[in-house]
Amino acid sequence: MTRKQLLISTALIALVALVLILVPDQPKASYYADKGQVFGTYYAIQYESTADLHDSIRAAFAAFDASMSMFNPSSTLSRINAGVDSVADAYFIAMYRTAEDVHLRSGGAFDITVAPLVNLWGFGLKNRAHVEPAQVEQLLPHVGMNKVRLHVTGDGLQVSGYVEKTDPYVQLDAGAIAKGQSCDVIAALLARNGCENYLVDIGGEVVAKGCNAQGNPWRIGITRPVDDATGELSEVQSVLKTTDIALATSGNYRNFYYDGVEKRSHTIDPRTGYPVQHGLLSATVRSSSCMRADALATACMVLGEEGAIKMIEADSVSACYLILAEQVDDSTTMKVVCSSRWKEE
């Protein structure tokens with residue numbers, strides 16, 4: 220090596236050393252676990268990040284609640300229901316567009332204007348009471364997505380809109396779609412903050428990406444649908460091992476009551492006005508977003524086995540896992556039916 224080459228090599232080594240001294244060490248990523256209560260249910264979030272994002276997650280929950288909550292009187296949804304405002308924010312617009320799509324795909328089995336019926340049967344803002352057929356008949360004319368229109372201008376961050384009711388008595392209930400949407404909101408927050416590995420679980424609706432702290436696929440349990448109004452029983456029917464998924468489950472095995480004559484489930488058929496009564500106990504749906512999966516799972520519960528499979532098979536980005544009650548002799552057993560695109564790893 221010549222003297223000139225030696226000087227150049229020495230200078231380069233010195234420069235590298237100087238850079239290493241001046242540039243601070245980059246923070247190392249760790250897995251965080253964030254748990255708590257939100258929207259009347261639990262949340263459990265795991266994510267790999269260089270920073271604790273708890274405050275950002277709670278702020279995102281608050282912003283979502285201010286838009287979509289039926290129990291927050293100042294929320295966007297509540298103000299539209301009360302007729303004091305018609306302005307629709309980005310969360311509402313995204314919800315409505317997905318709800319409209321699933322409404323059409325399900326032949327009206329999914330309908331966010333079902334709120335008056337949900338309240339009548341005691342699963343919304345009002346207490347439970349005996350329901351007469353005349354009460355259902357009185358409310359049915361005010362249910363239907365054809366009685367409300369969303370007008371949207373702009374796109375992306377500049378999107379805005381307003382809601383037009385052709386029937387002033389129309390009331391909206393986003394309960395069957397908003398929980399899944401909130402999972403998407405938190406997943407998007409994590410992604411914006413550079414997270415590539417995370418699991419978002421809000422009341423059983425799930426978005427998962429990447430792998431867990433052990434470098435393995437996430438394990439997601441599908442609950443066995445056993446009648447349990449307390450929510451204390453939790454037996455796993457099946458376990459999925461997956462890296463990328465948006466999943467939602469709807470069922471009648473927890474939110475129900477007996478009116479002295481019959482079991483009344485929280486799943487109301489907006490076409491008839493009555494709680495559904497069939498052998499489908501729970502529907503788990505995988506789709507392109509958790510919001511969409513949430514709405515489709517509810518539609519499956521309204522439609523029952525045959526209608527649910529038909530709807531899901533016609534949707535190229537979705538799959539379903541249905542658990543049904545099957546009568547065998549004098550006993551009832553559980554049967555699993557899956558759509559053709561459902562895969563368990």
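Our numbering numbers the first residue of the sequence shown as 220 and each following residue consecutively. Each residue gets a CB set at the ideal place from its N, CA and C atoms; glycine is no exception.
Beta-carbon contacts of residue i that lie in its chain and below 6 Å, excluding the five residues immediately before and after
i      : result
LYS254 : ALA263
CYS402 : VAL419, ILE421, GLU424, VAL426 and CYS509
TYR266 : TYR251, LEU409, CYS414 and TYR417
SER507 : VAL536
SER559 : none
GLN546 : none
ARG438 : VAL458 and LYS460
TYR540 : THR503, CYS557 and TRP561
ALA395 : THR517
GLY492 : LEU336, VAL355 and LEU359
GLY315 : As written in the sequence, residue 315 is Tyr, which differs from the Gly given in the question. For TYR315, where only same-chain residues beyond five positions count, the Cβ hits under 6 Å are LEU369.
Neighbour-count burial assignment, residue i, 16 or more Cβ in a 10 Å radius
i      : result
ASP420 : buried
ALA448 : Because ALA448 sits at a pLDDT of 48, beneath the cut-off of 50, its placement in the model cannot be relied upon, and the point is left open.
VAL458 : exposed
LYS562 : exposed
ARG579 : Within the shown structure, residues of the chain are numbered from 220 to 564, placing residue 579 beyond reach of any answer.
ALA313 : buried
SER293 : exposed
TYR282 : Checking the sequence shown, residue 282 turns out to be Ala, not Tyr. When all chains shown are included, ALA282 counts as exposed.
GLN256 : exposed
ILE400 : Note on identity: in this sequence residue 400 is Gln, with Ile being the wrong assignment. GLN400 comes out buried.
HIS322 : buried
SER297 : buried
ALA533 : exposed
THR551 : exposed
TYR477 : Residue placement at TYR477 cannot be trusted, given a pLDDT of 44 that sits under 50; the coordinates are not used to answer.
GLY434 : exposed
ARG411 : exposed
LYS529 : exposed
VAL367 : buried
GLY523 : buried
THR317 : buried
LYS428 : buried
VAL371 : exposed
ASP271 : exposed
ARG324 : buried
ALA544 : exposed
ALA393 : buried
Neighbourhood of residue i by C-beta, 7 Å cutoff - its chain only, sequence neighbours within 5 removed
i      : result
GLY373 : SER379
VAL362 : ASP330, THR332, VAL333, PRO335, LEU336 and PRO489
ILE542 : PRO444, GLN456, LEU500, SER501, MET553 and VAL555
TYR388 : HIS361
VAL350 : LEU339 and TRP340
HIS273 : ASP253
GLY302 : PRO387
LYS384 : LYS366 and VAL367
ALA163 : Nothing can be reported for residue 163: it is not among the residues displayed for the chain, which extend from 220 to 564.
Residue range of the unbroken beta strand (DSSP E) whose run includes residue i
i      : result
LYS562 : First-last for LYS562: undefined, no H or E at that position.
ARG490 : Looking at the DSSP string, ARG490 is not in any beta strand (DSSP E), and its letter there is neither H nor E.
GLN456 : 455-461
GLY470 : 464-470
SER501 : 499-505
ARG438 : 437-442
ALA427 : 424-428
For residue i, the first and last residue of its enclosing alpha helix (DSSP H)
i      : result
ASP599 : No answer is possible for residue 599: it lies beyond the span of the chain, which begins at 220 and ends at 564.
ALA270 : Looking at the DSSP string, ALA270 is not in any alpha helix (DSSP H), and its letter there is neither H nor E.
GLY363 : Per DSSP, GLY363 belongs to no alpha helix (DSSP H) and is neither H nor E.
MET510 : 509-532
SER297 : 295-301
VAL355 : 352-358
Contacts around residue i, its chain only, beta-carbon distance under 8 Å, and the 5 residues preceding and following it disregarded
i      : result
ASN300 : MET289, ALA334, GLN390 and LEU391
ALA279 : VAL404, ILE405 and LEU408
THR295 : ALA285, SER286, MET287, ASP304, VAL306, ALA307, ASP308, TYR310 and PHE311
THR486 : SER469, ASN471, PRO494, VAL495, THR517, MET520 and VAL521
PRO565 : Within the shown structure, residues of the chain are numbered from 220 to 564, placing residue 565 beyond reach of any answer.
HIS497 : GLY523 and GLU524
Residue i at chain B interface by Cβ criterion, 7 Å
i      : result
GLN390 : Protein chains in the displayed structure number just one, and chain B is not present.
Ordered list of alpha helix (DSSP H) runs contained in the segment 306-350, each at least 4 residues:
309-324 and 334-339
Segment contact, 8 Å Cβ cut-off, at least three pairs: the segment 495-514 with the segment 458-472
yes
Run through the segment 372-417 for me and flag every whole alpha helix (DSSP H) of 4 or more residues, listed as ranges in chain order.
397-411
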